[in-house]
């Protein structure tokens, strides 16, 4: 048994189009429908694509019905070599956003995996390549390479593939609670989202969470002529804009004290200080925006944000000369792991009342995403993954290549289902990049990133087999 041989096996699988063919088969099945009859699509992906592949590696697979969304079943697959060995949980999602077939560039089809040409030859186009079929396919392929090289894994694997992530993962937390015993593991190893930079292997330990709410003012019935009533009737749009201005200032600083972190934990700050946000593959960054005194990475990974997503007063499409009766704003908080979202509405209510805006109503929305999560850089699993990547990069003659660790992602994943409901450390290793068009036409992955990702994951699974038992014994 040889670690280098396992990595070479992964390279051979990739270079001889084995991985491309596997992913092409999975991409060809459309799982992007939003119709009420989409369950057969999702079942076909789980039962005809994922399960047969995992069963070749001796996984035992079963479908779990979703208690909250019947059209979004879940696959649980288990491969237990020995209960005394370490266990990892692999998560992924088989649903995608809609195909958007007519909007793709000429020569591309969302359900046909296609390699780009010329300057785009590194790109593999297809719906779900980045989000998320390509990412969990890569992790399963790495497992297979290790099994074939070692003859066994040396640890246990449980896989959970859901089909409702693009709709907010309805039912996932309930399933994790009900299936807690069968999903119990020492660590989550999952892949979703982009690398912090296309050339930088990235590890993140959790994610910020989302809390959406509406602010509304309804002062009277109907609009009234601004010539006859202007100056006499309060304008809800003006009042609401001032209410928002007392919550967040003109440069994006949060003014609601209870929504502001007290400080950034030193170990978290140390990890964040190693990161850089360049704006590459995205819009130009506004350096003046957000909390004063923080760096860009600190604003995204170590702080909260309060945003206005939409604002309506009167009829924006056909304005008339009338004072409107009501105004509405959809607001949005991205928050870090130190915050309990149940405190947000009372805190905002108190703040608005203190500033004279008791007429503004606050309505929380049902599609909020759980709790924020993160991992400390000193966690033993973080150290194991980082050292494994360093070892693999050294094998690949890339010893100076940078590795980035993010305590948490700036965006949001249903990570608390694993960290809080089941209870385990969580490690996320993305195999995509920011310019992949994951929710748009022409979604793609980088062949270069996928190849390196397969090498890294194969090395990681090898190292979990070699070092995982020592790590879990130290935890005990």
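Numbering (this note's numbering), first residue to last: 1120 to 1595. Backbone N, C-alpha and C define an ideal beta-carbon position, used for all residues, glycine too.
Report task. Could you check if residue 1264 is buried or exposed, using at least 16 other CB atoms within 10 Å of its CB as the buried criterion? Result -> buried
**Report entry** residue 1455 versus 1420, 1151, 1334, residue with shortest Cα-Cα distance
**Finding:** 1420
Query raised in the report: Can you tell which of 1569, 1537, 1562 has the C-alpha that lies nearest to the C-alpha of residue 1279?
Result: Distance check between residue 1279 and each of 1569, 1537, 1562 places 1537 closest, using alpha-carbon atoms only.
Requested in this report: For residue 1097, name the three-state secondary structure that DSSP assigns.
Outcome: Absent from the structure is residue 1097, since the part of the chain shown begins at 1120 and ends at 1595.
Requested in this report: Within the same chain, show all residues whose beta-carbon is closer than 6 Å to that of residue 1474, passing over the 5 residues directly before and after it, in chain order.
Outcome: 1365
Report task. Have a look at 1193, 1176, 1140, 1138 and flag the residue whose alpha-carbon is nearest the alpha-carbon of residue 1159. Result -> 1193
Requested in this report: Assuming residue 1543 contacts residue 1307 (C-beta within less than 8 Å), just tell me the rounded distance between them.
Outcome: 6 Å
**Report entry** Residue(s) in a DSSP beta bridge with residue 1523
**Finding:** 1321
**Report entry** Element boundaries [beta strand (DSSP E), containing residue 1198]
**Finding:** From DSSP, the beta strand (DSSP E) with residue 1198 extends over 1193-1198.
**Report entry** In chain order, each alpha helix (DSSP H) run of at least 4 residues that lies wholly inside the segment 1530-1588
**Finding:** none
Report task. Sort out for me which residues DSSP pairs residue 1202 with in a bridge. Result -> Residue 1202 is not bridged by DSSP to any residue.
Report task. Out of 1564, 1434, 1172, 1549, point me to the one whose CA is closest to residue 1242's CA. Result -> Looking at the Cα atoms, 1564 is the closest of the given residues.
Query raised in the report: Can you tell me whether DSSP reads residue 1326 as helix, strand or coil?
Result: strand
Query - Three-state class that DSSP yields for residue 1248 in the structure shown - result: In the three-state scheme derived from DSSP, where H, G and I count as helix and E and B as strand, residue 1248 is classed as coil.
**Report entry** Residue range of the alpha helix (DSSP H) that includes residue 1430
**Finding:** Careful: residue 1430 lies outside any alpha helix (DSSP H), inside the beta strand (DSSP E) at 1424-1432.
Query raised in the report: Under the three-state reduction of DSSP, which class applies to residue 1339: helix, strand or coil?
Result: coil
**Report entry** Cβ pair residue 1215, residue 1247 closer than 8 Å
**Finding:** In terms of Cβ geometry, residue 1215 and residue 1247 form a close pair [threshold 8 Å].
**Report entry** Other residues of its chain near residue 1301: CB distance less than 8 Å, five sequence neighbours each side excluded
**Finding:** 1195, 1197, 1277
Report task. Could you tell me the distance, in whole angstroms, from the CA atom of residue 1168 to the CA atom of residue 1404? Result -> 41 Å
Query raised in the report: When DSSP builds the beta bridges, which residues end up paired with residue 1451?
Result: 1331, 1426
Query raised in the report: In terms of DSSP beta bridges, what is residue 1368 paired with?
Result: In the DSSP output, where bridge partners are listed per residue, residue 1368 has none listed.
Report task. Kindly list the residues whose CB is nearer than 6 Å to the CB of residue 1235, restricted to its own chain and excluding five residues on each side of it in sequence; keep chain order. Result -> 1242
Query raised in the report: With which residues is residue 1316 paired in a DSSP beta bridge?
Result: 1319
Query raised in the report: At a cut of 8 Å, does the segment 1343-1356 reach the segment 1431-1450 through at least three beta carbon pairs?
Result: yes
Requested in this report: Could you spell out the range, first to last residue, of the alpha helix (DSSP H) harbouring residue 1480?
Outcome: Note, residue 1480: premise wrong, no alpha helix (DSSP H); beta strand (DSSP E) at 1480-1483.
**Report entry** Close-in-space but distant-in-sequence residues of the same chain around residue 1177 (CB under 8 Å, 5 per side omitted)
**Finding:** The beta carbon of residue 1177 sits closer than 8 Å to the beta carbons of 1198 from its chain, once the five residues preceding and following it are set aside; these are given in chain order.
Requested in this report: Could you check if residue 1503 is buried or exposed, using at least 16 other CB atoms within 10 Å of its CB as the buried criterion?
Outcome: buried
Requested in this report: State whether the segment 1385-1394 contacts the segment 1334-1343, with contact taken as three or more CB pairs (one from each stretch) at a distance under 8 Å.
Outcome: no
Report task. Could you tell me the distance, in whole angstroms, from the CA atom of residue 1131 to the CA atom of residue 1137? Result -> 8 Å
Query raised in the report: Counting Cβ pairs, one atom from each stretch, are 3 or more of them under 8 Å apart for the segment 1516-1534 and the segment 1310-1321?
Result: Three or more beta-carbon pairs drawn from the segment 1516-1534 and the segment 1310-1321 are found closer than 8 Å, and the two stretches are therefore classed as touching.
**Report entry** Continuous alpha helix (DSSP H) assignments of at least 4 residues falling wholly in the segment 1252-1286
**Finding:** The qualifying runs are 1252-1269.
Report task. Starting from residue 1180, follow its DSSP beta bridges and name the residues at the other end. Result -> 1196
Report task. Answer yes if the segment 1209-1223 comes into contact with the segment 1285-1292, meaning at least three C-beta pairs across the two stretches below 8 Å, and no otherwise. Result -> Between the segment 1285-1292 and the segment 1209-1223 there are three or more C-beta pairs closer than 8 Å, enough to call the two in contact.
Requested in this report: Return the chain-ordered list of same chain residues with a C-beta closer than 6 Å to the C-beta of residue 1429, the five sequence neighbours on each side being excluded.
Outcome: Around residue 1429: 1449.
**Report entry** Backbone secondary structure at residue 1344 - three-state DSSP
**Finding:** strand
Query - Cβ distance (whole Å) where residue 1291 is taken to contact residue 1533 below 8 Å - result: 5 Å
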